[in-house]
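This report concerns only the one structure given below.
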Amino acid sequence: MTPITITIRGTVLDGRLRDNPTARDLIAQLPLELEFRDFNSVEKIARLPEDLTMDGVPEGDDPEPNDIGYYAPTGNLFFYYDDVGYWDGIVRLGIFTSDMDPIRNQAGTFTATIELAGQDQP
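This is the structure in structure tokens:
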């Protein structure tokens, strides 16, 4: 798994991305600065600048809280902090390895910088 950092308002969170074609597409876009918003009080979402591949991954998945995911129909990146159930088009990209409270507690929109661990901020 590839280590990443997610920085929100000076708070750095750690995560790891899986070794699958969709996650590799995301890695190729890093670093990214994305604007997130809450969706259905279970996840934070942001539109990626480019769609990710769905080649070689299952048609759908049932992400767990703390997962990082992609939803192909909308091209959105998701930070899951509660259960959403199974959906076609979801790919689990990775997982947070640090506490998600700083994400869960964000009100309104917020900016997050996602980059490979050990890289300097853009």
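Per the working numbering, the sequence shown starts with residue 766, numbered consecutively.
Each residue gets a CB set at the ideal place from its N, CA and C atoms; glycine is no exception.
The beta-carbon distance between T862 and R781, rounded to whole angstroms, is 6 Å. This is short enough to meet the 8 Å contact definition. Cβ atoms of Y846 and P828 stay farther apart than 8 Å, at about 10 Å. Note that the C-beta distance between G840 and R812 is below 8 Å. Note that the C-beta distance between D820 and R857 is not below 8 Å. Cβ-Cβ separation between L881 and I773: approximately 17 Å, too far for a contact (criterion under 8 Å).
Under the DSSP definition of a beta bridge, I792 lacks any partner. Uninterrupted beta strand (DSSP E) stretches at least 3 residues long and entirely within the stretch 795-827 occur at 797-804 and 808-812, given in chain order.
Between the alpha carbons of E815 and Q871 lies a gap of roughly 25 Å. Burial is judged here by how many other beta carbons sit within 10 angstroms of a residue's own beta carbon; Y836 has at least 16 and is buried. In the three-state DSSP reduction, P838 falls in the coil class, being neither helix nor strand. For R869, the enclosing alpha helix (DSSP H) stretches over residues D866 to R869. For P768, the pairing in a beta bridge is given by DSSP as R781.
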